[in-house]
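J.:
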């Protein structure tokens, strides 16, 4: 013990002395480190020189030791404990020894650098035209893949000129700057016309390898394989690849984690990446601001400032280049030296008009873009692509409409079902978007669309200026078209989306014309002989015009495949269709016709017939309908036509149908038929006339995310769901004759006017509906509940469990949402959106213990239910109403986003406890004077905390609220919309005023008497409505 103590005492006594010695030695070591770093820095001018691995390790060890010494010095300051000082003294002595060893290693290096051969290590000169923000946005996606050890193949794809090569040059140089990850980076540019031998020679050149069998693919592949296998930890970049190929046929080893290699390609085709099983990264276009910055830097230089009017023109020119870097650089370079507004405006007009007097640079851009078009190969793909140019510039091209055009044109071959045709159309679109000639997008309603960049559209129009010969003046604001414009060699004409009100009186002579698109104009009359010299017409689209009648010359278009007259609200007369035997598509929806056109029974090749929303149409004789034996798609909803099951069953190819039946018995007969079971889509309606108000409500809500619109539709109203709508006074659940049978795959169900149904979950048809997602029930007296524990079957199946959206309107006897015993925790319902309106018996919406069974609830609306007292009823609510207690349990609604409570005069409590709603976005409490407390908990200190929800309500109500936590009130004050006043003036237009301080207001009027409504952005949420029979 004595010896050990004396040994420790020596460390204590020597600590200060040893620390001084250590600091002196570290100072010498630092000088040695600086000298070595300086020599390495001088070698940076030679890119093939790099530090030896042992030097890099030594430098790292030196830095680590310096950090350790600094920590020891800090610990020694002020330390008085004997044992602690003894331990520190021991550590200092050990560090002195480490310093001596590092100094010795630093003196005996046999050179600091290795003279690495420059193959695979040379930097590539970079273009100055690279936008920095684009570099950060696109390059990091590529870099992340390269740094992922699990990814060996990386495919960079994007349209021609988007900057794939430029990005990879930056990646190439960055890889060389990164030490330790890769030893070699090889760059190979691939020829447009793929040739295996040429590619092998180019890879060999990058490797500085002389191929012995340079004219034999197999031998060359073996040599390359051997050479590359020896060079582990390399990146091989194949730039501008146009065709997929097997790696082993060229001699490229499989990149994997064990060899540490990567293979990167750039291509314009996503299909190439997929066929070669590459992890894909798409290079995005510039933003408009980036495009303008790049354009100005090339056209004027960084130091020149343009006049405001000139800069405005420059912005338009940059936009015309479609945010495509190559196009921007080329066009901007050709505009250098322009002076004054006139020259700039002239340049803009020249670019827009795309005259033949273009510079070589501009021609080069189009040739590169055209090359992508030529590489499509398949003539059908080319025709489908060129068809997109018939839409206006910068137009959202509706996918479904485009595919319908392709079908009508015969670009998609005949198939046995509607679904198969659309699948084929989507496959074509996939190839076009993969080739980066089209870009996927969505329109304002969230519908799937396509966009064609301006420059690509210009390229397509250049192609169609010769053959196939197009005339495209879509969306140009034209009010007329001269006779001289209708040239004899034209094959397709698009004048859609203009203001054309008149057509030439003299009939144009266009014998080769196959397509005429006059959609969305202001035509009120078409000359009688206008179509006389257009006998080759295949597709004629006159939809969305104000014409009252079609000219008789239409009757002679014997080659016509598609006659599209939809949404012509004044159209009363269509001439005989007797000669149009080739017709496959006939759309006459939303018209004023009172009877079907003469000769319709002769359309034996008709595949699609749409007469929907022609509310004056009262007759369609069954014998005529039966003659249309090839029909696959039939819509006659919202007309006065009621079909017979016998007539429908004669249409053996029918796959999509939306029709009306006279009664439930006819509906049941059809639902049980084999034809119905094979339908792809359907809308089956009983007694539409009584559904008028409800359908009007749905129509006005169409497209609003927030509202409970059962069923889904295309942009043009085409039904794409599986829906049954019933409105009748009969009792289908009470007698054998009227026993209701629904399709097993029903997705949406609307019910109105049944008065003896106690629970919606009782009917067997709904118990079996495992795909049912939407329900709307209105005007059903006697209905007491929606969900019920009595419907639980022994096999575990639960009725209505899949329903996501539930609308309950005008149910005077509905007392509870869920009737019976609360299900166990493990039984959950998928309900997401719930809306109750004018359900006057119900007193509370959810018992608190039931919420566990509805974990997906996201939107809740309760409107004009005068006896509702609680939204969520707690266990002690009846005995402790009005007295909030801190020990009441919190409840969690993890997905609740929107709460809308309106005109609930007896509502006293949303919930007596606290509600934790992490996703809550909006709370609206309008005309609920007895609500004095908001139960929503705000955890603003949480890491997951989001912005507080927007709150709307009367300002007086807001100021009268009681708060458990004043801090919550202060937070929500900032998001309160405020100043909301609501009044109603009988059955005339109600007076409702909304003054939102933070929300953009949009104002709409309903198409029903007394209807008026407001929606507020950014998500166009419903605020209020005053309409008879709705409120």
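Numbering (full-length UniProt numbering), first residue to last: 1 to 1031.
Built from N, CA and C at the ideal position, the CB exists for glycine as well.
#1: For residue 161 and residue 327, what's the separation of their Cα atoms in angstroms?
#2: Sorted by chain position, which residues of the same chain lie with C-beta nearer than 7 Å to residue 18's C-beta, five sequence neighbours on each side aside?
#3: Check whether the segment 449 to 468 touches the segment 287 to 298, counting contact only when three or more Cβ pairs, one atom from each stretch, lie closer than 8 Å.
#4: Suppose the cutoff is 6 Å on Cβ atoms and the five residues either side in sequence are ignored; what does the same chain contact list for residue 668 look like?
#5: DSSP state of residue 1008, grouped into three classes?
#6: With a Cβ-Cβ cutoff of 8 Å, do residue 525 and residue 500 count as a contact?
#7: Going by DSSP, what residues sit across from residue 859 in a beta bridge?
#8: Using alpha carbons as the reference points, say which of 521, 849, 443 and 269 lies closest to residue 477.
#9: Could you tell me the alpha carbon to alpha carbon distance between residue 666 and residue 644, rounded to whole angstroms?
#10: Take the Cβ of residue 212 as the centre, count every other Cβ of all protein chains shown within 10 Å, and call the residue buried at 16 or more, exposed below.
#11: Just to confirm, are residue 536 and residue 504 a CB contact at a threshold of 8 Å?
#12: What's the call for residue 275, buried or exposed, on a 16-neighbour Cβ count within 10 Å?
#13: Is residue 596 helix, strand or coil when you go by DSSP?
#14: Figure out for me which residue from 843, 949 and 847 has the closest Cα to the Cα of residue 908.
#15: Report the three-state DSSP secondary structure of residue 769 (helix, strand or coil).
#16: Which residue from 831, 142, 111 and 591 puts its Cα closest to that of residue 610?
#17: Is it true that the CB of residue 559 sits closer than 8 Å to the CB of residue 585?
#18: How many angstroms separate the CA atom of residue 239 from the CA atom of residue 172?
#19: Any chance you could list the beta strand (DSSP E) runs of at least 3 consecutive residues sitting entirely within the segment 408 to 480, in chain order?
#20: Let's test the definition: count the other Cβ atoms within 10 Å of the Cβ of residue 178 and tell me whether it reaches 16, buried, or not, exposed.
#21: For residue 844, which of helix, strand or coil comes out of DSSP?
#22: Taking buried to mean at least 16 other C-beta atoms within 10 Å of its own C-beta, is residue 107 buried or exposed?
#23: Please classify residue 827: does DSSP put it in a helix, a strand, or coil?
#24: What do you get for residue 902, buried or exposed, if any count of 16 or more other CB atoms within 10 angstroms of its CB means buried?
#25: Please report whether the beta-carbon of residue 218 lies at a distance below 8 Å from any beta-carbon of chain C.
#26: At a cut of 8 Å, does the segment 433 to 453 reach the segment 464 to 477 through at least three beta carbon pairs?
#27: Which residue spans inside the segment 234 to 301 form an unbroken alpha helix (DSSP H) run of at least 4?
#28: Are the CB atoms of residue 841 and residue 867 nearer to each other than 8 Å?
#29: Determine the DSSP secondary structure at residue 156, reduced to helix, strand or coil.
#30: Counting pairs of beta carbons, one from the segment 246 to 264 and one from the segment 216 to 234, are three or more of them closer than 8 Å?
#31: Tell me the DSSP secondary structure of residue 573 in three-state form.
#32: Alpha carbon to alpha carbon, how far is residue 199 from residue 209? Give it in angstroms, no decimals.
#33: For a test of the three-state rule: what should DSSP assign to residue 381, helix, strand or coil?
#34: Have a look at residue 672 and residue 614 and give me their C-alpha separation to the nearest angstrom.
#35: Under the rule that 16 or more other beta-carbon atoms within 10 Å means buried, what is residue 314, buried or exposed?
#36: Got a sec? Which residues, its chain only, sit under 6 Å from residue 804 by beta carbon, not counting five neighbours each side?
T.: Concretely, from the data shown:
#1: Rounded to whole angstroms, residue 161 to residue 327 spans 7 Å at the Cα level.
#2: If we look at residue 18 and ignore the five residues flanking it on each side, its Cβ neighbours are 89, 92, 93 and 96.
#3: A contact is defined here as three or more CB-CB pairs under 8 Å, and the segment 449 to 468 fails this definition with respect to the segment 287 to 298.
#4: Around residue 668: 741.
#5: Since pLDDT at residue 1008 reaches only 28, below the 50 mark, its modelled position is unreliable, and the value read off the structure follows with that caveat. Three-state result, residue 1008: coil.
#6: Contact flag unset, no.
#7: Bridge partners of residue 859: 833 and 898.
#8: Per the Cα distances, 521.
#9: Distance from the CA atom of residue 666 to the CA atom of residue 644, rounded to whole angstroms, is 7 Å.
#10: Counting the other CB atoms within 10 Å of its CB gives residue 212 a total below 16, which places it among the exposed residues.
#11: Between residue 536 and residue 504, the C-beta gap is not smaller than 8 Å, which leaves the two residues out of contact.
#12: Looking at its Cβ environment, which holds fewer than 16 other Cβ atoms inside 10 Å, residue 275 is exposed.
#13: When secondary structure is reduced to three states using DSSP, residue 596 falls in the coil class, being assigned neither helix nor strand.
#14: Comparing Cα-Cα distances from residue 908 to each of 843, 949 and 847, the minimum goes to 843.
#15: Of the three classes helix, strand and coil, the one that applies to residue 769 here is coil, per DSSP.
#16: Considering only alpha carbons, the answer is 591.
#17: No, they are not a contact pair.
#18: About 11 Å.
#19: Fully enclosed beta strand (DSSP E) runs of 3 or longer: 439 to 442, 448 to 451 and 470 to 472.
#20: So residue 178 ends up on the exposed side.
#21: In this structure, residue 844 counts as strand in the three-state DSSP scheme.
#22: Exposed.
#23: In the three-state reduction of the DSSP assignment, residue 827 falls in the coil class.
#24: So residue 902 counts as buried.
#25: Structure shown: chain C not included; a single protein chain is present.
#26: With the rule of 3 Cβ pairs closer than 8 Å, the segment 433 to 453 does not count as touching the segment 464 to 477.
#27: With a minimum length of 4 residues, the unbroken runs of alpha helix (DSSP H) contained wholly in the segment 234 to 301 fall at 247 to 250, 270 to 275 and 288 to 299.
#28: Taking C-beta atoms as the reference points, residue 841 and residue 867 count as a pair closer than 8 Å.
#29: The answer is strand: DSSP assigns residue 156 an E or B state.
#30: As far as the Cβ criterion goes, the segment 246 to 264 touches the segment 216 to 234, which means the pair count is three or higher.
#31: Correct three-state label for residue 573: strand.
#32: Between the alpha carbons of residue 209 and residue 199 lies a distance of about 13 Å.
#33: For residue 381, the three-state secondary structure derived from DSSP is helix.
#34: Residue 672 and residue 614 have their C-alpha atoms roughly 29 Å apart.
#35: Its Cβ being crowded by 16 or more others within 10 Å, residue 314 is buried.
#36: By the criterion of a C-beta distance shorter than 6 Å, residue 804 is surrounded in its chain by 773, 830 and 832, once the five residues flanking it on both sides are discounted.
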